[in-house]
Amino acid sequence: MKAIITIIILALIGWGIYAVVKKSPNDNVQIPINNTQEDTSNTTASTTTDNTPSVKEFTVVGKSFSFTPSTLTVKKGDTVRINFQNSGGQHDWRLDEFNAKTKVIGSGQSETIEFVADKTGSFEYYCSVGTHRQMGMRGTLTVE
Numbered sequence: 012m013k014a015i016i017t018i019i020i021l022a023l024i025g026w027g028i029y030a031v032v033k034k035s036p037n038d039n040v041q042i043p044i045n046n047t048q049e050d051t052s053n054t055t056a057s058t059t060t061d062n063t064p065s066v067k068e069f070t071v072v073g074k075s076f077s078f079t080p081s082t083l084t085v086k087k088g089d090t091v092r093i094n095f096q097n098s099g100g101q102h103d104w105r106l107d108e109f110n111a112k113t114k115v116i117g118s119g120q121s122e123t124i125e126f127v128a129d130k131t132g133s134f135e136y137y138c139s140v141g142t143h144r145q146m147g148m149r150g151t152l153t154v155e
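So, in structure tokens, the structure goes:
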């Protein structure tokens, strides 16, 4: 019985090391897909400022216990559009502070969600399936 427990523990340790080593070196790359300003003009005048909220679109890929990119940055007031693509297993994308979440989707599937980044700070997004979050499937949204 002790031999079986030892084998299981060694297999889990080996699997954990493999998951860490296999993690992509580009996890911190930000990949905005589309950055379009919302039309705030009226018929008599048009004013544009650096503080104008815009739509920030990101494609986030979920795979073996990681998200790519693992960091996203937007400005307060921006509408954030997440195109979540699953490239393996069962995963979802959640960000509790903005009540933003996808359904759990299978490999090769995708889902798009939107929310307004109405508060500043750094917020963790994660996969809520099983222990994926604890195994490193999380990232950070920074709202400036």
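Each step along the sequence shown adds one to the number in my numbering, with nothing skipped, and position 45 is 56.
Where is the CB? At the ideal position from N, CA and C, for every residue including glycine.
Since the model is a prediction, treat every value here as computed from it, not as a measurement.
The beta strand (DSSP E) enclosing R144, as first and last residue numbers: For R144, no beta strand (DSSP E) run applies, since DSSP gives it neither H nor E.
The beta strand (DSSP E) enclosing S121, as first and last residue numbers: Its beta strand (DSSP E) spans residues 121 to 127.
beta-carbon G88 near the ligand ZN non-hydrogen atom, thresh 6 Å: Within the structure as shown, the ligand ZN is missing, as the structure has no ligands at all.
Strand pairing of I116, partner residues [DSSP]: In the DSSP assignment, I116 is bridged to H102.
Buried or exposed (CB count within 10 angstroms, at least 16 for buried), T142: Under this definition T142 is an exposed residue.
Selection from G88, K87, V140 that minimises the alpha carbon distance to S75: Ranking G88, K87, V140 by Cα distance to S75 puts V140 first.
Span of the beta strand (DSSP E), counted from its first residue to its last, around N97: Unbroken beta strand (DSSP E) run through N97: 90 to 97.
Supposed contact pair S81 and T151 - C-beta distance, whole angstroms, cut 8 Å: Sure, about 7 Å apart at Cβ, within 8 Å.
Simplified DSSP assignment, three categories, for K67: K67 falls in the strand class under three-state DSSP.
Run of the beta strand (DSSP E) containing S133, from where it starts to where it stops: 132 to 137 is the extent of the beta strand (DSSP E) around S133.
Inter-residue Cα distance where the pair is K67 and D89: The alpha-carbon atoms of K67 and D89 are separated by roughly 7 Å.
Where I1 falls, given that 16 or more other Cβ within 10 Å makes a residue buried: Outside the shown range of the chain, which is 12 to 155, sits residue 1, and nothing can be said about it.
N-terminal and C-terminal residue of the beta strand (DSSP E) that S77 is part of: Its beta strand (DSSP E) spans residues 77 to 79.
Beta-bridge pairing of T151 - partner residues as DSSP gives them: Its beta-bridge partners are T82, E135.
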